[in-house]
Structure formats: C-alpha cells, structure tokens
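To start, the structure itself, in structure tokens.
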Amino acid sequence: MSIQERYTGAVMNTFGPPALALTRGKGAHVWDADGKEYVDLLAGIAVNALGHAHPAIVEAVTTQLSTLGHVSNFFATEPQVALAERLLALLGWADGRVFFSNSGTEANEAALKLTRRTGRTRLVAAEGSFHGRTMGALALTSKSAYREPFEPLPGEVSFVPYDDVAALEAAVDDTVAAVVLEPVQGEAGVVVPSPGYLAAAQQVARDAGALFWLDEVQTGIGRTGAWFAHELVEGVEPDLVTLAKGLGGGIPIGATVARGAAATLLQPGNHGTTFGGNPVACAAALAVLDTIEADGLLEAVRDRGDQLARLLTDQTGVVDVTGAGLMRGAELDGPYAVEAVAAARDAGFILNATGPSRLRFVPPLVITSADLDALGAALPAILDAARTAAARSDTETTR
Ligand SMILES: *Cc1c(COP(=O)(O)O)cnc(C)c1O
206 MSIQERYTGA
216 VMNTFGPPAL
226 ALTRGKGAHV
236 WDADGKEYVD
246 LLAGIAVNAL
256 GHAHPAIVEA
266 VTTQLSTLGH
276 VSNFFATEPQ
286 VALAERLLAL
296 LGWADGRVFF
306 SNSGTEANEA
316 ALKLTRRTGR
326 TRLVAAEGSF
336 HGRTMGALAL
346 TSKSAYREPF
356 EPLPGEVSFV
366 PYDDVAALEA
376 AVDDTVAAVV
386 LEPVQGEAGV
396 VVPSPGYLAA
406 AQQVARDAGA
416 LFWLDEVQTG
426 IGRTGAWFAH
436 ELVEGVEPDL
446 VTLAKGLGGG
456 IPIGATVARG
466 AAATLLQPGN
476 HGTTFGGNPV
486 ACAAALAVLD
496 TIEADGLLEA
506 VRDRGDQLAR
516 LLTDQTGVVD
526 VTGAGLMRGA
536 ELDGPYAVEA
546 VAAARDAGFI
556 LNATGPSRLR
566 FVPPLVITSA
576 DLDALGAALP
586 AILDAARTAA
596 ARSDTETTR
C-alpha cells in the first residue's frame, strides 16, 4: 500500500487527502515517494526558512540532542537563555521577556492569557485574521468556517475590518485589553495594509491603554526581508510579538515576546508548558538566526522577493501581486487557483492556494535565483493548464 493509502487508514481526516507523500528534501527542493523532484515554494507553510536538511540545523540539533535533549522548565539551559537574549536583541527590547512554546497557536494562547492579567477581558482583532486553531487563538481567528463548529469560544472578541482605522477607533475603548493584528495577513492570502495603518492602530491601542500585539508567526524571522515585518513600518513598536513558523526552521517552536509592563504580567503559576523552551528546539532556532545573519539572507530575501514579484506580475492572468520579500500573494483573473496548484505539481513545483483565485508564495529564504527563473518559465503553461482544467470542470458541473 502507498503511504497515502495508509495515511487514510490511520491518520484523522482533518486536512483532507494529502496531495503527495514526500520522502526527502534538500535546499528548496523536495522529492516524492516515486522519486519525482519539486521546487518547494510553500516551505512547509513558511516554516523551512533555511530550506530542507540545512547543515547548520542538522549540526545544531544533532549536537544538542546528543548533549542534553530535554529537561523541563524546572531547569534552565544555555540554548533557551541564549535564544531569549537573541530575540530580545533583535527586537531591541532591553526590558523584554520571552515565553517559549511549540507552535504559533500556543504562542498566541500565551499572549492571550497574558492580556487577561491586565484586568481587562475584551480583545479587538481583524476580519480575515488567522491566529491558530486552539480555542483561545481560534477565538481571535475570524473565519466562520473554522469558528462555528466550536462555539462558544472563550473571550469577548470584536472583529473590525482590516486596514480600517476608523473602525478600530470605534471598537477600542478602555475595556479593551489588547488589539491584535497580523502586520501582513498570511492565511488571508498575503493582505498588506495601507502604509499608515499599523502605526495608527498602535496609537488607537495606546490611547485606550490597551496592549498592541502583533502576530508575526508567519511574517517574522526574515520572511519579508526584515527580521520582523513591523520594522518595515516607521514608528511601529508593539508591546507583544508572537513568533513561530520560521523560527525553528522546521523544528517546532513558538515564542511570545513582551516588553515593558507587559513583560511581567505573567507571574509564577500563571502559565506553563512541558516542552516549551526545549534545548533542541532552541538550538535549532539559534542556528536559523545565526545562518540568516551570517549568509546575508535578509538582503537575499529582498532581492529574490523582487524577482518573484516581477515574474508574477509578468504572467498573463495575474491581476495583482501583493506582499514583501518572500511572502507574496498573486490574484488570478478567475477561480482557477486550486487547478493551478495541481498543474504546478505535475510540472514539478509546490504551490499553495489561499482562496479560489489566490495563490500564496512563501518559499525557503534560501531559494535560488535559478529556481525562481524556472518557476517564471513554467508558470505560463501551468496557468494555461489550470484555466483549461477549471473550464472543463465547469462544463461538467453544468451538464
Ligand atoms: C500559522 C499561523 C498561526 C498558527 O500557527 P500554528 O503553528 O499552526 O499553530 C498563527 N498566526 C499566524 C499569523 C499564522 O500564520
């Protein structure tokens, strides 16, 4: 039996049938069970910052695991403390503190609990937001298909249209604990707000005495060409930042980082985790940060990101290209994004659709110019095949 057939018989069907069974990867390339090679423009959903099997991560994880693999939070380890110090230095938060967990949703869960310690219980989030699937993070996630089967969700959360300052002003008062936003909405399809929005949102939060919390789970750790996407916007300095995806380069880790008064809201007994801050995961994250710095990857992300944006803009059928660095959305002139993902797979490229007419590109930060050239050369035929497939299934459903 194939891996995919065994999957169906053994793994809960929460994701639908897997498109492929993958067996190995190197850099921005992966191979499936039949030995077919793909250029990976999804990177495990913006996770594999250094691509697959990067020697720096392999070395860091192997060395740490063969020295000290796990100790629990009854004890401190060098990698955990070094990673916390490193994140605070990158943020420039001398008075900051870090809580480590194992995923994006957990990073947000910790942040949500932290906001409760302000004595306020209301939160304001944005329409189109995605903050994770555990109950607290889900309460902050706007998509009704994700929420409704699990209501009632905890908390008192108001949703306002993204990129609408007036709506925020109307929703935020002195009963609000925090305003939570993604600097660029990832799961919504790489939605970028107007230049002044984040700074204005921060001001609205400050004026009401609420915390300003940016979910950088997808945008953080070099994805947009800066360490954190909020650095791309003048005057934005959140009180809380949540990180995960790219941080561990494929090893699960999440981080909740707070500064100033917010950094001491969680006190002994308020929150906990068995695995969070595990030295192996922290060593992997340190290797990611070291490599981004040593290899000049922020600059590479900006260059490759420009190349990617250009090649997408040049495609017939692409009507809008959004994003920054290596986080890009492409709006198609019709609902054939799902067919494009399938056609790309046939052509040896792993793409991702966030909606019927929207593609998202979040490749490894180490993707080469040659790989992007290959994508540019292959896309016209991929999009053509997708249009044809969509038209055919359209006639079939009409018949
Ligand atoms: C992916 C994502 C999450 C959830 O991360 P998980 O590791 O899947 O729990 C939260 N926030 C944002 C912005 C994300 O993109």
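According to the numbering used here, the stretch in the sequence shown is residues 206 to 604, in order.
Just so it is clear, CB atoms sit at the ideal spot from N, CA and C, and this is done for glycine as well.
Contact under 8 Å by Cβ, Leu517 with Val524: no
Check: Phe335 C-beta below 7 Å from any heavy atom of ligand 1: Yes, since a heavy atom of ligand 1 falls inside the 7 Å radius drawn around the Cβ of Phe335.
I'd like to confirm something about Asn278: is its beta-carbon nearer than 7 Å to some heavy atom of ligand 1, or not? no
Is Lys348 a contact residue of ligand 1, with contact defined as CB to any heavy atom under 7 Å? no
Starting from the N-terminal side, write out each stretch of the beta strand (DSSP E) that is 3 residues or longer and does not extend beyond the stretch 525-576. 532-537, 557-560 and 563-566
Since Ala248 is in the alpha helix (DSSP H), which residue starts that stretch and which ends it? Ala248 to Ala251
Residue range of the beta strand (DSSP E) that includes Arg229: Leu227 to Lys231
Where are the alpha helix (DSSP H) runs, 4 residues long or more, that stay fully inside the stretch 417-476, in chain order? none
With DSSP run on the structure shown, which of helix, strand or coil describes Phe305? strand
Ala410 burial status per 10 Å Cβ neighbour count (16 or more: buried): buried
If you run the structure through DSSP and keep just helix, strand and coil, what is Ala224? Shown here, Ala224 sits in coil according to DSSP, grouped into three states, outside any helix or strand.
Pick helix, strand or coil for Tyr212, following the three-state DSSP scheme. helix
Is the beta carbon of Glu387 within less than 7 Å of some heavy atom of ligand 1? yes
Selection from Glu439, His435 and Leu452 that minimises the alpha carbon distance to Leu445: His435
For ligand 1, I want to know if Gly391 counts as a neighbour, meaning its beta carbon is within less than 7 Å of at least one of the ligand's heavy atoms. Yes, the Cβ of Gly391 comes within 7 Å of a heavy atom of ligand 1.
Does DSSP put Arg321 in a helix, a strand or coil? helix
Beta strand (DSSP E) containing Glu283: first to last residue? Premise fails: Glu283 lies in the alpha helix (DSSP H), Glu283 to Leu296, not in any beta strand (DSSP E).
Among the residues of its own chain, which have a CB less than 7 Å from the CB of Asp576, if the five just before and after it don't count? Ala233 and Val244
Assuming Leu491 is part of the alpha helix (DSSP H), what are its boundary residues? Residues Pro484 to Ala499.
Apart from the five residues on each side of it in sequence, which residues of its chain come closer than 7 Å, Cβ to Cβ, to Val252? Lys450, Gly451 and Gly455
Rounded distance between the beta-carbons of Thr447 and Asn307, thought under 8 Å: Not quite, the Cβ-Cβ distance comes to about 13 Å (not below 8 Å), so this is no contact.
Would you report the Cα separation of Ala287 and Leu491, rounded to the nearest angstrom? 8 Å
What are the start and end residues of the beta strand (DSSP E) that includes Ser363? Glu361 to Val365
Can you tell me whether Met217 is buried or exposed, with buried defined as 16 or more other CB within 10 angstroms of its CB? exposed
In terms of alpha-carbon separation, which member of Ala413, Met206 and Pro569 lies closest to Gly453? Pro569
Can at least three beta-carbon pairs, one atom from the stretch 504-513 and one from the stretch 311-329, be found at a separation below 8 Å? no
Val438 and Ala405 - do their beta-carbons sit closer together than 8 Å? no
By how many angstroms is the C-alpha of Arg321 removed from the C-alpha of Asp379? 14 Å
Out of Phe364, Trp432, Leu419 and Leu588, state which residue places its alpha-carbon closest to the alpha-carbon of Ala463. Relative to the Cα of Ala463, the nearest Cα in the group Phe364, Trp432, Leu419 and Leu588 belongs to Leu419.
Alpha carbon to alpha carbon, how far is Ala299 from Thr583? Give it in angstroms, no decimals. Here residue 583 turns out to be Ala, not Thr, going by the sequence shown. Going from the Cα of Ala583 to the Cα of Ala299 covers about 48 Å.
If you measure from the CB of Asn475, is any heavy atom of ligand 1 nearer than 7 Å? No, since every heavy atom of ligand 1 falls outside the 7 Å radius drawn around the Cβ of Asn475.
Does the Cβ of Thr310 lie closer than 7 Å to at least one heavy atom of ligand 1? yes
Ligand 1 and Val493: does any heavy atom of the ligand fall closer than 7 Å to the residue's C-beta? Checking the Cβ of Val493 against ligand 1 gives no.
Take the Cβ of Thr272 as the centre, count every other Cβ of all protein chains shown within 10 Å, and call the residue buried at 16 or more, exposed below. exposed
So, Thr424 versus Val381, is the Cβ gap smaller than 8 Å? no
Exposure label - Phe335; buried when at least 16 CB within 10 Å: Phe335 is buried by the Cβ-count criterion.
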